[in-house]
Each structure stands twice: as structure tokens, then as C-alpha cells.
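Engineer: Protein chains in written order, with the working numbering: chain A, 848 to 1124; chain B, 15 to 314. For glycine and all other residues, C-beta sits at the position ideal for the given N, C-alpha and C. Got a structure for you, written out below as C-alpha cells; questions coming shortly.
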Amino acid sequence: MSTLSLNQRALLLSVVLLFVGLFVWEMAIPAQKAVGELTEYERLTGGGAQKAGVPPPSQVLAKAWEELSNPFYDAGPNDKGIGIQIGYSIYRVLSGYLMAALVAIPLGFLIGMSPVAYKALNPFIQVLRPISPLAWMPLALFIIQDSEASAIFVIFICSIWPMLINTAFGVAGVRKDWVNVARTHELGHLKTAFTVILPAAAPTIVTGMRISIGIAWLVIVAAEMLVGGTGIGYYVWNEWNNLDLTSVIFSILMIGIVGMMLDAAFATLQRAVAYAE
Amino acid sequence: MSKPFLSIENLTQCYPDGQGGTMTVFENATFGVEKGEFVVILGHSGCGKSTIMNILAGLAEPTSGVVKMDGYEVSGPSLDRGVVFQNYSLLPWLSTLKNVSFGVAARHPDWSKAKVLDHSREYLAMVGLEGDVIHRKPSQLSGGMRQRVSIARAFANHPKLLLLDEPFGALDALTRGTIQDELLKIWGGTGQTVFMITHDIDEAILLADRILLMTNGPFARVAESVEITIPRPRNRTEIVEHPNYYPIRNHMVQFLGKRSKELAGQASDGAAQSPATVRIERTPPEDESGEARRLRAVNL
């Protein structure tokens, strides 16, 4: 073992855990008896009918293969490929998230720079922040009168807070020395904001953005279950109504994978703006 | 008498003492710095050296009093007054070269990018930073190298006044010596007016034309202005041989050890507090060698 690097050993362990987990899952599913083995009484009480049960991993993998080999088919409102559903979800998440960033980052800058703005806005932030984003849904539906836009609004409202608070915190925490460097070089307010404060606060801001995208991806699934129509959240709920648990498990896995990729994108961004003092 | 290049007039700084009253750090401090002069200010912690420095830089406002440079009152920071901070204050997300060039670009907005970079490289080379090093981030540099970058950044802008706030305070003794030599070399080439804070008497004697001695706070004042009567160019190993070296050094040790306490805490009653000039001269005059070893302390 000593010849393997730390990463190689960790990978090996991951693969072992995966196979053990899948094996235990597969074994834990009781096999259905063939009709021929049933007693007459069992047949009469409906024992021969196909019973709904949690599918074994082999079935899920087969389903995944089937779905992923043709992800973008569109056969009517209730039968769209997984790629289309995820595409809708990502589109909603990104549009709500982008709007939130456009509001939260400039506002966070203002709050971080001005103690008055901080004190004035803090009570509102503290009251609005703990509200579950889905609690906004009825109000959004009534005011906006559009389920699609309401889902985007819910994403907007849930991703705004971590970005706002982290931006304000990062901007307020920029070292006085660096601001003094900007002042002694006669940089204007805008130049100081972009060349000194933004890069200095960027790691904190991006951390807030990373938290926000994670929350947005959590919330979109629930929001789409409510508004329906399209999206991965709707897909999960639709397959539950179809009692197709194989598709439910497959889509749960897909939600996890897409969430992981979104997070990885922001981790890359975080590395790009990081600096050592 | 004509006004000096930099004149500090009746500078007073008070802070609230936390019990409803005010605490006066220094009061009616009045002194001048001539063009091209290297002035060092020495004093114990808490006497307000850094506050004076921040006021000169325009980063802080005095309670009362004015600072005039070239006849104009100083208000707010300016590119005419370059600052080297004790903790280097390099921007950690920029490379060494960019840390210098952003200052040069701010000073000369009309210069082309190539010209800004060439100018920056030239000044980095003056402090011994050349080659790959200039593309490293400050976190990948040693403390001494970081302070070199900071010095290059300040000199590259040709400020009318260069303010050095304990620039070598965080460096080990050997590195400090090397950078002091480099500072002297650059300063000799540019003839910049320099105002520097330090805690180190030997460093002050090596670098300064004149040393301002401050009494302890509260009510600190610039009590004496000691001329360093040792000819330039100076060299750390040779100046200790100079007959004036130890008399000057002893005078300052005495001041900081004893008299700075005795003179402390005296309110000025509104009068301007100019430092007394002290000149210590023990070199044998060439024509009157018999009269060697005499001390002249002249209070003007």
C-alpha cells in the first residue's frame, strides 16, 4: 500500500465503498416470487400482481443509461428528456441568481463602506433573511401572475442574502493599510473600489456567491415541485405520481451531480481570486 | 528668514480620553524641513510620531495647526507625499512589478503601458530586485524584499516629500543594514526630501542630516534638533570611527533615557514649541589642531 499516493488510496477506498453500498442495496431488495410458486390463496388475494418496491441499483443504472443516451428528447408536456428538465432548472437558477448578484454585490459594497447604510439596512436584512424562500411563493404567484417568473423570484430572494452579507463583511474588513495605499496614490473612489477594495474583498464575496448557488440549487427543486410544468424538481414529483421510483432515484442522483458541478465552478473561481498575505 | 520647504506650524493633536475629557498627545509642535534634507524623528512609543507622520501624509487631520509644503497647506493625501509603511502595505493580489507600476500609472496617467513598466523595472532594479522575482506575489517574498518593493514604489513616484514610517522596524538586523545602504544609495541619487520615523539610534545617525528628538507624551513636544555632523557619504563601518559619532550617540541615549521623561508633561500655554538646535562638533579643525576635543553645543 505504501507505494500508492494518498489520493490513490482515497480513490481506491471510495470505489470499494461504492461497490459495497450498491451490493448491500441490491441484496436488500426482496425478490418477487414467480406466479407459479404462489399458493392458490395468495393468487386469489392478488399476490401475483406486480408489487411496487424500491428498485435495485441495477435497474437504476439501466434507467440512467437509457435516459442519458437520449437526454434531449421531447415527447409532450409530461415526457421530456432529463437534459431538457435540468436545462430548465439551471436556466431558472442562473437567472434568479444573476439578478440577486446584481443587487446584492453593489448593495453589499454600499453597506460595507458606509456604517450608516449598514445600521439602517441591518434590521431589514435580519428580518427578511430567515424567511424560507418558499414562503414567498404565494405572494410571488399573486403579484407576478406567472409561475415561471415566480420560481425565478424565489431563487432571487434566497440567493441574495449570503452574497449581500458576505460582500458587506468583506468590504468592511479590507485592511486600512491597503485603503491608505490607494489614498496616498490619489486613486478616485471608483478606482479605489475596483483596484483595491474589490480584489481585497473578492475571496469573501466569492465565498458568499458559492453559498448562494448551493442554496439556490436546493430551493429550485422544491420550487419546481410547487409550480410544475418543467424542471428537475417537477420531474421528480411527476415520476413519483407515476410511481416510477427508478426515475425518482435516477433524478435524485442527477440533482446531486449538477449541484456538485455548480459548486466546483465556484470553487475554481474562489481559487482564482484567492491571495496569500 | 525664509520659510523652509516643509513647515509644521503649531500642530496639536488631542484625543478624547474616554472619561469625557481630552488627552493632548502633542501641542503646538513647530518645526521645518529643508528641501533635500533627510530628517529622522526619534522618540518613545506614544509620543505621537506616527500621528505626525499620518498628518504629513494627509491620512489624519490634526486637532489644530497647519502643515505647509512649498508654501501650500497640506490637506488630504497626495502623490507629492510618498509613504513607506512599516508593514510594507503591498497589495497581496498583485505581483511585485504591478505593485510598483500601479503607483507609477497613478502618477503618470499619460504614460504608455510599456513606459510605466520600464520605469517600474528600473526602480525595482535599484533596490536589487530583478529577473523572475518581480513577477512573484508579495507573499512569496521575504520581509526584506517586500520592504524593498515598498521603497521602490515610493521612490519611483518622485514625491516631493518621502515619508518613511519605521520602514525597517520589522526586519532582522542584517537585512536592515543592507536595505539602509540601498536607501542611502537611492536617496543620494535623487536628493529627495525624506522624513523618517525610527526607534533605532544608530540607524538614525547613519541616515539623517538632522534628528528631531521628541519628549514623552502626553504633551509631547519636539524638544531638540540634533545636527549630524558626520560627512557623507557615510558607511556603517566607518562612521563609528568618526570623532563625532559617540558624542552624538551618547547625547541621544541620554535624551531618550532620561531627559525625555523629565521634559514630558509640560503644557505649552499656547506658545509655539520649536526644537532647540544642538550641534556637536569634535573633529579637530585643520588649522587649530591643538584645540581638538572640544564640544560645542549651541542653542539657537
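Whole angstroms are fine: how far does the CA of S92 of chain B sit from the CA of R1154 of chain A?
Structural biologist: This structure does not reach residue 1154 of chain A, given that chain A is present from 848 up to 1124, and the question cannot be answered.
Engineer: Just the Cα atoms here: how many angstroms apart are P953 of chain A and V130 of chain B?
Structural biologist: 31 Å
Engineer: Excluding sequence positions up to five away, which residues of its chain have a Cβ less than 7 Å from the Cβ of P173 of chain B?
Structural biologist: L93, D94, R95, G96
Engineer: To the nearest angstrom, how far is the alpha carbon of G1078 of chain A from that of I1102 of chain A?
Structural biologist: Counting only the Cα atoms, I1102 of chain A lies some 11 Å from G1078 of chain A.
Engineer: For L988 of chain A and L1073 of chain A, I'd like the C-alpha separation in whole angstroms.
Structural biologist: Distance between the alpha carbons of L988 of chain A and L1073 of chain A: 11 Å.
Engineer: Counting along the chain, where does the alpha helix (DSSP H) carrying Y938 of chain A start and finish?
Structural biologist: 929-960
Engineer: Using DSSP bridges, identify the partner residues of I253 of chain B.
Structural biologist: According to DSSP, which records beta bridges pairwise, I253 of chain B is partnered with nothing at all.
Engineer: Less than 8 Å between the C-beta atoms of G231 of chain B and G35 of chain B, yes or no?
Structural biologist: no
Engineer: Run through DSSP, which three-state label would P261 of chain B get?
Structural biologist: Correct three-state label for P261 of chain B: helix.
Engineer: Which residue wins for smallest C-alpha separation from V1021 of chain A, given the options A:G893, A:A982, A:I1052, A:V974?
Structural biologist: A:I1052
Engineer: According to a CB-to-CB cut-off of less than 9 Å, which residues of the segment 1034-1049 of chain A neighbour chain B?
Structural biologist: L1034, K1038, T1042, V1043, P1046, A1047, A1049
Engineer: In this structure, how does DSSP classify L55 of chain B when only helix, strand and coil are distinguished?
Structural biologist: According to the sequence provided, residue 55 of chain B is Ile. The question's Leu does not apply to it. Of the three classes helix, strand and coil, the one that applies to I55 of chain B here is strand, per DSSP.
Engineer: On the DSSP bridge list, what partners appear for M159 of chain B?
Structural biologist: M159 of chain B pairs with nothing; no bridge assigned.
Engineer: Name the chain D residues whose beta carbon is nearer than 8 Å to that of K151 of chain B?
Structural biologist: The structure shown has no chain D; the protein chains it does contain are A and B.
Engineer: Using CA coordinates, which residue listed in B:L188, B:G202, B:G271 is at the minimum distance from L227 of chain B?
Structural biologist: B:G271
Engineer: Thinking C-beta only, is P76 of chain B closer than 8 Å to Q27 of chain B?
Structural biologist: The criterion of a C-beta distance shorter than 8 Å is satisfied by Q27 of chain B and P76 of chain B.
Engineer: In the segment 182-209 of chain B, which residue ranges form an unbroken alpha helix (DSSP H) of at least 4 residues, counting only runs that do not cross its ends?
Structural biologist: 187-204
Engineer: Using the C-alpha atoms, what's the distance from A1049 of chain A back to I242 of chain B?
Structural biologist: 48 Å
Engineer: Is N1013 of chain A close to chain B? Criterion is C-beta to C-beta, closer than 8 Å.
Structural biologist: no
Engineer: Ordered along the chain, which non-local residues of its own chain (more than five positions away) have a Cβ less than 6 Å from that of T930 of chain A?
Structural biologist: For clarity, residue 930 of chain A is Gly in the given sequence; the question names Thr instead. Correct list, in chain order: P918, F919.
Engineer: With DSSP as the reference, identify every bridge partner of E87 of chain B, one or two as the case may be.
Structural biologist: B:K82
Engineer: Quick check on M917 of chain A: does DSSP put it in helix, strand or coil?
Structural biologist: The displayed chain sequence assigns Asn, not Met, to residue 917 of chain A. It is coil, neither helix nor strand.
Engineer: Cα-Cα, which of B:V80, B:A71, B:R250 is closest to E23 of chain B?
Structural biologist: B:V80
Engineer: Compute the beta-carbon to beta-carbon distance between C1005 of chain A and A964 of chain A, rounded to the nearest angstrom, for a pair I have assumed lies under 8 Å.
Structural biologist: Contact flag wrong, Cβ pair sits at about 23 Å.
Engineer: Which residues, in order along the segment 66-81 of chain B, keep a beta-carbon less than 7 Å from a beta-carbon of chain A?
Structural biologist: A71, L73
Engineer: Looking only at C-alpha atoms, which of B:D223, B:I262, B:T229, B:S239 sits nearest to R296 of chain B?
Structural biologist: B:I262
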